[in-house]
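S.K.:
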Amino acid sequence: MRTRIITIGDEILIGQIIDTNAAWIAESVREAGGDLIGKATVGDENEAIRKAIIQGFEDAEVLLLTGGLGPTRDDITKKAIAEFYGVGFVFSQETHDHIAKLFERFGRPMMESHRAQCFMPQNAVLLTNKMGSAPGMWFEQDGKVLVSMPGVPFEMKYLMEKEVIPRLKQTFETHPIVYRTILTAGKGESQISEQLTDFEDTIPEGLKLAYLPSLGKVRLRLTAIRGNAEEQIQLLQQKGDELRALLGTDVFGEGLSSLEETLGALLIVKGLRMGTAESCTGGYIAHLMTLTPGASRYFEGSFITYSNRLKENMLGVSPDTLKKFGAVSAETVREMLNGLLENAGVDVGIAVSGIMGPDGGTPEKPVGTVWIAIGNRENPKVLQLSLGKDRSRNIEYTANKAINELRLFILELAS
90 MRTRIITIGD EILIGQIIDT NAAWIAESVR EAGGDLIGKA TVGDENEAIR KAIIQGFEDA
150 EVLLLTGGLG PTRDDITKKA IAEFYGVGFV FSQETHDHIA KLFERFGRPM MESHRAQCFM
210 PQNAVLLTNK MGSAPGMWFE QDGKVLVSMP GVPFEMKYLM EKEVIPRLKQ TFETHPIVYR
270 TILTAGKGES QISEQLTDFE DTIPEGLKLA YLPSLGKVRL RLTAIRGNAE EQIQLLQQKG
330 DELRALLGTD VFGEGLSSLE ETLGALLIVK GLRMGTAESC TGGYIAHLMT LTPGASRYFE
390 GSFITYSNRL KENMLGVSPD TLKKFGAVSA ETVREMLNGL LENAGVDVGI AVSGIMGPDG
450 GTPEKPVGTV WIAIGNRENP KVLQLSLGKD RSRNIEYTAN KAINELRLFI LELAS
């Protein structure tokens, strides 16, 4: 199943929006056993879209398109597809009824532009989109398939999971790739690689190990590329278990688990509640902790104390501490943690203060200086980070580091 991805939209072509759709689709195709041979981005121009389709089908059996299916005039994907296949348009009552129900639910009138959205190429098989107004479209001719989906990520993902991937598996012979992803935090790619030097020497030819680093985390993907399904699963089980044993508590989960979800599950098992006191991260740690459904079982809340005044008033940080050591110091985050534990009545917590950049540093405390305090009343732990000047990266890394340090702290309590 040789596949190409085509993302459509001026905003993607000129870099105003990052193309996350293509990355997600590529992973889905790979998991389904497809062979991804390329991807392209084109603007909202009829001829550009049509040429991309023609060129894509030169060596691909499947083209997966996203974007250009909305109700506005620049959404012209359908026109380009119809011209490619040499067909006209027909009115879809099914699409009209679906859109009308959506607008009725939101108490808004259906616009004429949405009625125009109901005209579809004659040879399209419509794919029900319960997440939005525009249906997906499936075209099949001469043993090749073109699928057109909305560019809105959650709509595209719904169609891929519920409609597109199942249909592709029915249409083409696929050989799903069997793999196991082990998730680590706290060490960089080079450190993990050094720990696994001897392990890598034992990896058989039918298995591949890939390092996929991100801020404060590294995914380790073991992929079985030979043998039947049963042999692949057995090999992944064996080598994956060996890898986990070597890395110990550096491993926080597998597959699609998140670091914050893992911490939440650990808090529930231990019967603990947590909170955060955040300065430089501005509530980002609390945001991550509350992404998991049911977070109220272990997360009490957050004090976002960006100013010194709020550090004093909300957390009881001493004015003398701030004057003598500054807001970005071990002493201040230790007092922030104490204030959090006292005022929120939680068992464990995280406190952070730092200089995230890109400016604001001093020779003594340059940009990227961050102090973190984690723990409980009896065993607070304070650590310092020295990061770069990219503000968003610093915030994300600090959040991941703090969450992981609290995870490790709780594991140590249990041992």
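Numbers 90 to 504, taken from this note's numbering, label the letters of the sequence shown in order. Note that beta-carbon positions come from the ideal geometry of N, C-alpha and C, so glycine has one too.
Measure the Cβ-Cβ separation of E172 and R139 and say whether it is below 8 Å.
M.R.: Translated into the one-based positions of the sequence shown, residue 172 becomes position 83. Translated into the one-based positions of the sequence shown, residue 139 becomes position 50. Against a cut-off of 8 Å, the Cβ pair of R139 and E172 comes out as a contact.
S.K.: Using alpha carbons as the reference points, say which of K233, R423, L502 and M238 lies closest to M226.
M.R.: In the sequence shown, counting from the first residue as 1, residue 226 sits at position 137. Nearest option by C-alpha distance: M238.
S.K.: What is the rounded straight-line gap between the Cα of E244 and the Cα of K219?
M.R.: Taking the sequence shown and counting its residues from 1, one reaches residue 244 at position 155. Taking the sequence shown and counting its residues from 1, one reaches residue 219 at position 130. If I take the Cα positions, the gap works out to 8 Å.
S.K.: Is S269 helix, strand or coil by DSSP?
M.R.: As a first step, residue 269 is located in the sequence shown; it is residue number 180 there, counting from the start. According to the sequence provided, residue 269 is Arg. The question's Ser does not apply to it. In this structure, R269 counts as strand in the three-state DSSP scheme.
S.K.: By DSSP, does P239 sit in helix, in strand, or in coil?
M.R.: The count along the sequence shown starts at 1 and reaches residue 239 at position 150. P239 falls in the coil class under three-state DSSP.
S.K.: Under the DSSP definition of a beta bridge, which residues are partnered with F228?
M.R.: Here the question's residue 228 lines up with position 139 in the sequence shown. Partner(s): L235.
S.K.: So, at 6 Å on beta carbons, what are the nonlocal neighbours of G316 in its own chain, with the 5 sequence-adjacent residues on each side left out?
M.R.: Counted from its first residue, the sequence shown places residue 316 at position 227. Only G295 meet the Cβ criterion.
S.K.: If you follow the alpha helix (DSSP H) that M363 is part of, which residue opens it and which one closes it?
M.R.: Position 274 of the sequence shown holds residue 363. Counting along the chain, M363 falls outside any alpha helix (DSSP H), though it belongs to the beta strand (DSSP E) covering M363 to E367.
S.K.: Need the endpoints of the alpha helix (DSSP H) that P408 sits in, please.
M.R.: As a working note, residue 408 is residue 319 in the sequence shown. From DSSP, the alpha helix (DSSP H) with P408 extends over P408 to F414.
S.K.: So, is I357 buried or exposed, given that buried needs 16 or more other C-beta atoms within 10 angstroms?
M.R.: Locating residue 357 in the sequence shown gives position 268, counting from the first residue. Its Cβ having fewer than 16 others within 10 Å, I357 is exposed.
S.K.: Does the segment 391-408 come close enough to the segment 454-466 to have 3 or more Cβ pairs within less than 8 Å?
M.R.: The segment 391-408, when compared against the segment 454-466, does not touch it at the 8 Å Cβ threshold.
S.K.: Report back the beta-carbon spacing between N110 and G240 to the nearest angstrom; my notes put them in contact at under 8 Å.
M.R.: Along the sequence shown, read from residue 1 onward, the residue named residue 110 stands at position 21. Along the sequence shown, read from residue 1 onward, the residue named residue 240 stands at position 151. 7 Å between Cβ atoms; contact.
S.K.: Rounded to whole angstroms, what's the CA-CA distance from I97 to L154? Just pull it up for me.
M.R.: The residue you call residue 97 lines up with position 8 of the sequence shown. The residue you call residue 154 lines up with position 65 of the sequence shown. If I take the Cα positions, the gap works out to 7 Å.
S.K.: Evaluate G428 with the Cβ neighbour count: other Cβ atoms within 10 Å of its Cβ, from every protein chain shown; 16 or more gives buried, anything less gives exposed.
M.R.: Stepping through the sequence shown from its first residue, residue 428 is reached at position 339. By the neighbour-count rule (16 or more Cβ atoms within 10 Å), G428 is buried.
S.K.: Suppose contacts are defined by Cβ-Cβ distances below 8 Å. Is E150 in contact with M90 by that definition?
M.R.: Mapped onto the sequence shown, residue 150 falls at position 61. Mapped onto the sequence shown, residue 90 falls at position 1. Yes, Cβ-Cβ distance for E150 and M90 is below 8 Å.
S.K.: Terminal residues of the continuous alpha helix (DSSP H) containing L474?
M.R.: Here residue 474 refers to the residue found at position 385 when the sequence shown is read from its first residue. From DSSP, L474 is part of no alpha helix (DSSP H) but of the beta strand (DSSP E) over K470 to S475.
S.K.: Quick one: what does DSSP say R204 is sitting in, helix, strand or coil?
M.R.: In the sequence shown, counting from the first residue as 1, residue 204 sits at position 115. Reduced to three states, the DSSP call for R204 is helix.
S.K.: Looking at the unbroken alpha helix (DSSP H) that takes in S391, where does it start and where does it end?
M.R.: Here residue 391 refers to the residue found at position 302 when the sequence shown is read from its first residue. S391 -> not in any alpha helix (DSSP H); beta strand (DSSP E) instead, spanning F388 to I393.
S.K.: Which stretch, first to last residue, makes up the beta strand (DSSP E) that contains K297?
M.R.: The residue labelled residue 297 in the question sits at position 208 within the sequence shown. It spans L296 to S303 - the beta strand (DSSP E) in which K297 sits, taken as one unbroken run.
S.K.: Output the distance between the C-alpha atoms of E289 and S282, rounded to the nearest integer angstrom.
M.R.: Along the sequence shown, read from residue 1 onward, the residue named residue 289 stands at position 200. Along the sequence shown, read from residue 1 onward, the residue named residue 282 stands at position 193. So the two alpha carbons sit approximately 9 Å from each other.
S.K.: Compute the beta-carbon to beta-carbon distance between K404 and A366, rounded to the nearest angstrom, for a pair I have assumed lies under 8 Å.
M.R.: As a first step, residue 404 must be located in the sequence shown, where it is residue number 315. As a first step, residue 366 must be located in the sequence shown, where it is residue number 277. Just to set this straight, residue 404 is Leu in the shown sequence, not Lys. L404 to A366, Cβ: 6 Å. Contact.
S.K.: Going straight from the alpha carbon of G329 to that of D287, what length do you get?
M.R.: The count along the sequence shown starts at 1 and reaches residue 329 at position 240. The count along the sequence shown starts at 1 and reaches residue 287 at position 198. Each residue's Cα considered, the two are about 14 Å apart.
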